[in-house]
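Report on the following structure.
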Amino acid sequence: MEEPLRIIGDGVGQPDWAPPVELTEKDLVAMYRSLVILRTFDERAVSLQRQGRLGTYALYWGEEATHAGPLHACNDSDWLFPTYRQNSIGVLRGVKAATILAWWRGYGGAHGFYQVREHRVAPICVPIATHLPHAVGLSWAAKKRGDGICALTWLGDGATSEGDFHEAMNFASVYKTPTVLFCVNNQWAISTHVSRQTATPTLVEKCVAYAMPGLRVDGFDVLACWKATKEALDRARAGDGPTFIEAVCYRIGAHGTADDPRLYRDEAESERYRALEPLGRYRAYLQRLGALDDDQASDIHDEAKALIAAAVAEMEALDFPGVEILFDYVYASGRPDPLTEGLDELRSIERRPEVKPLGPQPGASPGDADPLPEGA
Amino acid sequence: MEEPLRIIGDGVGQPDWAPPVELTEKDLVAMYRSLVILRTFDERAVSLQRQGRLGTYALYWGEEATHAGPLHACNDSDWLFPTYRQNSIGVLRGVKAATILAWWRGYGGAHGFYQVREHRVAPICVPIATHLPHAVGLSWAAKKRGDGICALTWLGDGATSEGDFHEAMNFASVYKTPTVLFCVNNQWAISTHVSRQTATPTLVEKCVAYAMPGLRVDGFDVLACWKATKEALDRARAGDGPTFIEAVCYRIGAHGTADDPRLYRDEAESERYRALEPLGRYRAYLQRLGALDDDQASDIHDEAKALIAAAVAEMEALDFPGVEILFDYVYASGRPDPLTEGLDELRSIERRPEVKPLGPQPGASPGDADPLPEGA
Amino acid sequence: MPRLNMVEGLNLALDQAMAQDDRVLVMGEDVARTGGVFRVTAGLLDKYGEERVIDTPLSEAGIVGAAIGMALYGLLPVVEIQFDTFVYPAFEQIVVHAARYAWRTRGEVPASIVIRIPFGGGVRAPELHSDSPEALFVHVPGLKVVCPTTPALARDLLLAAISHPDPVIFMEPKRIYRTGRDEVPEKAPLLLPEADGEATQLLSRARVARPGEDLVMFSYGSTVVSCCEAAQKLQDERGVSARVVDLVSLYPLDVESITGAASECGRAIVVHEAPRTAGLGAEVSSLIHERVMLDLEAPVGRVTGFDVPFPQFANEDDYIPSIDRIAAGAVKVLDF
Amino acid sequence: MPRLNMVEGLNLALDQAMAQDDRVLVMGEDVARTGGVFRVTAGLLDKYGEERVIDTPLSEAGIVGAAIGMALYGLLPVVEIQFDTFVYPAFEQIVVHAARYAWRTRGEVPASIVIRIPFGGGVRAPELHSDSPEALFVHVPGLKVVCPTTPALARDLLLAAISHPDPVIFMEPKRIYRTGRDEVPEKAPLLLPEADGEATQLLSRARVARPGEDLVMFSYGSTVVSCCEAAQKLQDERGVSARVVDLVSLYPLDVESITGAASECGRAIVVHEAPRTAGLGAEVSSLIHERVMLDLEAPVGRVTGFDVPFPQFANEDDYIPSIDRIAAGAVKVLDF
Ligand SMILES: Cc1ncc(C[n+]2csc(CCOP(=O)(O)OP(=O)(O)O)c2C)c(N)n1
Ligand SMILES: Cc1ncc(C[n+]2csc(CCOP(=O)(O)OP(=O)(O)O)c2C)c(N)n1
Ligand SMILES: [Mg+2]
Ligand SMILES: [Mg+2]
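Residue numbers (our numbering), protein chains in the order written: chain A, 97 to 472; chain B, 97 to 472; chain C, 2 to 337; chain D, 2 to 337.
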């Protein structure tokens, strides 16, 4: 098995490679900023969840490079198709962080869902692999229109086992759609290790079945993720069709806040991977390059903290959604009678006090008092 | 693209190779007999359909080698999972030809369905690719039991696009189940050419995605089909897991009796393939080998004709199924109340005369008077 | 005015929609080169080309999923499922994604797709080519479900469905694809794309297929024809005047028309080909009892398919509600 | 006798079945090493090993399809779907194959599998973890559908489902997975594998969850608990004696118990969490009106989920029939 593409060394044994020539120093710092925003969001969300202010949350600590790298390789007009794991990717496209936090708080409607066309970010997809055909369809439509717009979609290692993955890959390759399928191989699908998911040693070799080009990169390396995606997008925009990218990393955290990985894996292993996490590694690299000084870095961190703090405040200031939220937007053409009748029925009932968006309490693990599911 | 494995030459340019050493002359003749039975069944079914004595029928003229070759490589205790295209494969396992004809006549129950465990032949599967997980599951169960039993399943080129194909391939390779997936690439899925089905030049390369061994053979060559399947079964029985086989041929006939291929392809091409059809080619080969003389051959043909003629008579003698057939066997545990009530309701109504199992009339093509579908 | 059968009416709708709006495209298994196994899309490839009339791989989830993505980009895909039962591989895409895209995007992006499904028995087809899955879609929030019964209605409804912003499950009763001809005014009733309100109206109204006052039969699809014949039989044999109401819109139901007709007639049956339990008949029956029970002379009856797999075709006439069964069901209600 | 909650009751059933019959195996996403996201299969891997307790790839159609194949070979797989909505990728395998295997093999080989589906809301879960798809399975011929409401019943029903030859959709109301404890007699009520008749009985009978005579509430799953509380409220506030009937078996319905209770009480409502239109409530309501309308003092009412996607969880208590809504629905029927 070939080593995955890597650009950022570890400052010890592994060498650094020069950043891709297309990237200016400003770009490099912008990418750092993205990583910091993502990290800050994630850590804050976990702590909000622990405090019972969000429901179950799917953390992505350690996978930020697989979010920010590909995103920075995109044009602003390209579309993104995230899963629950890339839940806050929209923030880097101008979606309010408060909206995404509100989604995890269990809010719907305009509180918890964002405008997708405005940001070219599809809704967060919960059912595994089922958004992949959408990304293919959208980019196929863009190709038909000759708009030069691509779709970038994420999927997990587990997602490669679903039928929808296969059908999406096949459509993309048959119609040479401008699609990038970015697979974050974090080696776990909840408790199932990738070695029990597939018989192939790598995931990238799956693209042979579709005569689709594939790339394999270090998923802890934001520049490697950037570079592979850029190459894929260039090819897509040139009319040469889709690319599958496997970004090899490790799910350092739990699957979600209700998951207890000690049940199924040796946490010493995840500790070892913790050292490879992309933010610190990229920061050290930028510092070795002389592209980021401490002041700049701390400004970025402060800015991110402020951004997320404001978002939390904004989320907490949101009115608790009224009962109308159940019936709004179900049909774009207006409420059919059964919905109007339902709303009337609901309005005639005295409403119980606001529901606390309870997730499991601090440190809680699934037990008698806690019927909370693990899945995201 | 490598040439598919071929054993039988064309008596002109392409050389003959010796038959596989494991096969005795008796085996070779037995295989001829199978081809003849299949061909006889198929031709008779088409003519019955033309006479309005069967419904729409999915002919397989020219694909007999892909049925008989793999079958002869199996042990009698191995399981077969056919599609509508291999509809009469059960006949070679002792299923009454009358039962299969009755299925096409629209009869259910004991008239039209056979005993699957007795013959180790799964029911004819109509929805594409959906039987593949069954074959994997059955052979996986056999492996768990240590019974040394394998499953052989057929699929078409079109079937490789379905999600169930992918999920079955993945399960088979992850659990190393003793399964042979025999793909008949007849280059057409109704009107869709295989080049619009997949971006890969061959289908066999799909198995790379599952780290599964693959073989590619001439689908008009019964010995090549036999040999590949034998190799696959030997590997499966040795505990080395599944194999995917692509048998390259051509759908010489229409998709089904209601299909008109002139709408979508140049029939001159199919005429060219007609020369390669497996029965005549194998017969010539056996004769070049001196393994079959004319008398033997004509005995075999006579026997097959008699067999099928008897089957037709048997089918036509079947009682037209009573209304009970609707409610029988739906539940193995007996009829729940709604079924009993339904039967009572139906019994209280005077029954209309026997329904003629009409297919399109001789030479009919879909038109105003004929709402018959094309699909099998 | 041309006299068209339903297949031709549908074909005309597609042709008119594609001519009027280049966002409309047609996609499915064998829809381009053959024009579909039922020829509903015949001729479109030649007129509109491969980019808009697409023979897809054999992959229902891929087809519907790709259509959703196209709709997200602003196209208006009309998808063909080859036969009823083959919609199931796409079930997840339909009920989890198509049905929820508007909701999940706070109304910004409904999945504006039309999924055409030739359904039901009566054409002597092999196993799994004769199912009636409509109730499954009716039960799933976020979808519109309609079913035409005449060529003219088929043309108009399909145009409306394409114009309509919400995803529409378009059930086509294949048994009557070619059995009758209508005069279909060439002028399309709706101009894409600004006719949403009108389309919504058209997509939500029942129609009276036969007038009458002693009893009403509610149905949809090919059994509407059988109901009309059963009504004639009741007229001839018992002097009973039976009304037939064609539901047309299966979700939402035209509740006012339904309860109005039930009240006026005082006796009602619901007829459909799908299995009885938890079918649409149960919904129509409950609605009537809930709202106008006091106007009824008898409980609403149901004449439906049975709770069994659609039989092998030799017995399909035993399964599909026959004129005699419908009439018997009506008599039971009349004699209550 | 151990006092168990429903999760433990289910776990005990699996343990007893696996101990008694080595054809039984458990398979699904994350069922082995973690014991499933709800821990229903906890401990089984250690006891029965990897060959019988299987963490599968993320592949619902593959799981159900493979289980069907195993059943064809003679094993008895119990499959877990991780959450309600994730059953849809397997929908085709369930409705086209599991449901029809007996029929298609003239009764020789029913697909003897159990598909366990934790379903419904109330646990503050993200989108698509709270659906109630049971009516879809009820409408499809060839399946049995059951839903336990107490730990003891959960244990007994699951054993019966495993013993039963037909495919069983086993709906587990996750909201009450851990809310109550029952004494569960250690002795299993059924001995595999020769108890078919008994299993069939157990799988087809409703039970009275609370006695009463002025009105009856029919429900299943977690809303049975809410119905009992609503009944108490009606007792306290209006002196009304309301009976609660837990349907338990969703297909087939225990029609005799249902119509009997409706006749005795003269007033009835049906309560469920799934959307209203074409839900089970419609079926129960129609059955009652069809058969015993003359015994009714008022039309049967329905208190159900709405025809909308299950909401984001902050609003789930608005969606799930609350005690107040149930009581209000009952009052409407009482005051008719
Ligand atoms: C169709 C479907 N089945 C099951 C689930 C439950 N589930 C949520 S996340 C998950 C594991 C996903 O693993 P992977 O694809 O590797 O992504 P990761 O969580 O590692 O990002 C599962 C099984 C789901 N969301 N959708
Ligand atoms: C799930 C499903 N979708 C569609 C169909 C309709 N259909 C019947 S045969 C066929 C083409 C199959 O092509 P292929 O797999 O190449 O097999 P072949 O007919 O060539 O043997 C189609 C689309 C079906 N039977 N099942
Ligand atoms: Mg993963
Ligand atoms: Mg083919």
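All C-beta atoms, glycine included, are put in the ideal place defined by N, C-alpha and C.
Chain D within 8 Å of residue i, Cβ atoms only
{"i": "Thr288 (chain A)", "result": "yes"}
{"i": "Val304 (chain C)", "result": "no"}
{"i": "Phe121 (chain C)", "result": "Looking at the sequence itself, residue 121 (chain C) is Gly, so the reference to Phe does not match. By this cut-off, Gly121 (chain C) is not an interface position."}
{"i": "Asp464 (chain B)", "result": "Residue placement at Asp464 (chain B) cannot be trusted, given a pLDDT of 32 that sits under 50; what the coordinates show is reported in the next sentence. Not one chain D Cβ lies under 8 Å of Asp464 (chain B)."}
{"i": "Gly259 (chain B)", "result": "yes"}
First and last residue of the uninterrupted beta strand (DSSP E) at residue i
{"i": "Val54 (chain C)", "result": "Val54 to Asp56"}
{"i": "Ala402 (chain A)", "result": "Ala402 (chain A) -> not in any beta strand (DSSP E); alpha helix (DSSP H) instead, spanning Asp390 to Ala413."}
{"i": "Phe219 (chain D)", "result": "Leu216 to Ser220"}
{"i": "Pro152 (chain C)", "result": "From DSSP, Pro152 (chain C) is part of no beta strand (DSSP E) but of the alpha helix (DSSP H) over Pro152 to Ser164."}
{"i": "Asp314 (chain A)", "result": "Gly310 to Asp314"}
Reduced DSSP secondary structure (H/G/I, E/B, other) of residue i
{"i": "Leu13 (chain D)", "result": "helix"}
{"i": "Thr325 (chain B)", "result": "helix"}
{"i": "His289 (chain B)", "result": "strand"}
{"i": "Phe171 (chain D)", "result": "strand"}
{"i": "Cys279 (chain A)", "result": "strand"}
{"i": "Ile118 (chain D)", "result": "strand"}
{"i": "Asp356 (chain A)", "result": "coil"}
{"i": "Cys345 (chain A)", "result": "coil"}
{"i": "Thr249 (chain A)", "result": "strand"}
{"i": "Thr305 (chain D)", "result": "strand"}
{"i": "Val139 (chain C)", "result": "helix"}
{"i": "Leu73 (chain D)", "result": "helix"}
{"i": "Glu420 (chain B)", "result": "helix"}
{"i": "Ser133 (chain D)", "result": "coil"}
Cβ-based burial, residue i [other Cβ within 10 Å; buried from 16]
{"i": "Asn12 (chain C)", "result": "buried"}
{"i": "Asn171 (chain A)", "result": "exposed"}
{"i": "Glu214 (chain D)", "result": "exposed"}
{"i": "Ser461 (chain A)", "result": "With a pLDDT of 37 at Ser461 (chain A), under the threshold of 50, the predicted position of this residue should be treated as unreliable, though the coordinate-derived value follows. Ser461 (chain A) comes out exposed."}
{"i": "Ala405 (chain B)", "result": "exposed"}
{"i": "Met2 (chain C)", "result": "exposed"}
Residue-level contact to chain C via CB, residue i, 8 Å cutoff
{"i": "Arg201 (chain B)", "result": "yes"}
Short CB-CB distance (under 8 Å) between residue i and chain B
{"i": "Leu235 (chain C)", "result": "no"}
{"i": "Tyr306 (chain A)", "result": "yes"}
{"i": "Ala295 (chain A)", "result": "yes"}
{"i": "Tyr74 (chain D)", "result": "yes"}
Beta carbon of residue i nearer than 8 Å to that of residue j
{"i": "Gln83 (chain C)", "j": "Asp132 (chain C)", "result": "no"}
{"i": "Asp174 (chain B)", "j": "Gly66 (chain D)", "result": "no"}
{"i": "Pro374 (chain A)", "j": "Ala161 (chain A)", "result": "yes"}
{"i": "Leu124 (chain B)", "j": "Pro115 (chain B)", "result": "yes"}
{"i": "Phe278 (chain B)", "j": "Gly310 (chain B)", "result": "no"}
{"i": "Val96 (chain D)", "j": "Tyr89 (chain C)", "result": "yes"}
{"i": "Glu109 (chain D)", "j": "Gln182 (chain B)", "result": "no"}
Endpoints, alpha helix (DSSP H) assigned at residue i
{"i": "Ile185 (chain A)", "result": "From DSSP, Ile185 (chain A) is part of no alpha helix (DSSP H); its letter is neither H nor E."}
Residue-chain proximity (residue i, chain A), Cβ-Cβ < 8 Å
{"i": "Arg117 (chain C)", "result": "no"}
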